[in-house]
Structures are given as structure tokens and as C-alpha cells.
């Protein structure tokens, strides 16, 4: 099993389209530390960008909010966790469901399917 850094690095940004570039750079730095090839780094950045964009556009809907991105890397592995406090959005229904009161978390353990290599 490949070890990931014990202490995650953290980026907290406003939930705005303008902050997406900062998130992309953060992810690419983690990918570089992990030694990911260009294709894997691109796919990782693209996936995180899609999640963060959805938080900005559909979660906060232009309102005030924050996005926290936590990352860890190790040889050939990166783990990213994205946190926000936006109300949940159901794209099928096209409306906001009742809030649950708990923040939404996207990500998983180093051994889960949501871990990118």
C-alpha cells in the first residue's frame, strides 16, 4: 500500500467562478507531487473542476459561500476532498430539496473508487 502524506494541504476559497483557477492550480500541484503523468493530472483536474463548478453554479447559485479543498498525495496517488455548505441540488428535479443541515462532502479514502491515480 502506498502511503499518502499524513497532513493534508488545505485551500479555502470563495465559491466564485474566479476561484476555480486557484483550485485547478492546487490540484495540479498535488498531482505533480505525486508524480502523475500529464493525462492523469488532466483528468484529476477536470473532475475537481466539474465538482467545484457545480458547487458554485448549482449549490450557491451566485450567493455567498466558501469551498474547502483538502488534498494529500503520495507516490502515484492523490486524494482530494471537497467541502461546501451549499444547499443540496437535485438536477433531475431541477429544484432544491429540503436542507439536511449537514455540509456536503465529496471524496473517499485512499482505497476507494473515488481516489484518482
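In UniProt numbering, the protein residues as written are 1 to 117.
Think of the CB as a built atom: it goes at the ideal place given N, C-alpha and C, for glycine as much as any other residue.
From a predicted model like this one, the values you see are computed outputs, not experimental measurements.
When the Cα atoms are used, what is the spatial distance from residue i to residue j?
i          : j          : result
residue 33 : residue 41 : 11 Å
residue 58 : residue 89 : 6 Å
residue 53 : residue 91 : 14 Å
residue 45 : residue 87 : 24 Å
residue 49 : residue 30 : 14 Å
residue 15 : residue 43 : 22 Å
residue 21 : residue 75 : 25 Å
residue 70 : residue 12 : 9 Å
residue 37 : residue 8  : 21 Å
residue 18 : residue 65 : 13 Å
residue 10 : residue 24 : 13 Å
residue 81 : residue 93 : 26 Å
residue 35 : residue 63 : 37 Å
Using the DSSP secondary-structure output, state which residues sit across from residue i in a beta bridge.
i          : result
residue 91 : Bridge partners of residue 91: none, in fact.
residue 14 : 66
residue 74 : 77
residue 9  : 71
In the DSSP assignment, find the unbroken alpha helix (DSSP H) run with residue i in it and report its ends.
i          : result
residue 55 : Counting along the chain, residue 55 falls outside any alpha helix (DSSP H), and DSSP gives it neither H nor E.
residue 37 : That residue, residue 37, is in no alpha helix (DSSP H); it is neither H nor E in DSSP.
Buried or exposed: which applies to residue i, given that a residue is buried once 16 or more other Cβ atoms fall within 10 Å of its Cβ?
i          : result
residue 6  : exposed
residue 84 : buried
residue 79 : buried
residue 27 : buried
residue 61 : exposed
With 7 Å as the threshold, decide whether the Cβ of residue i is near any Cβ in chain D.
i          : result
residue 64 : In the displayed structure, chain D is absent; only one protein chain is listed.
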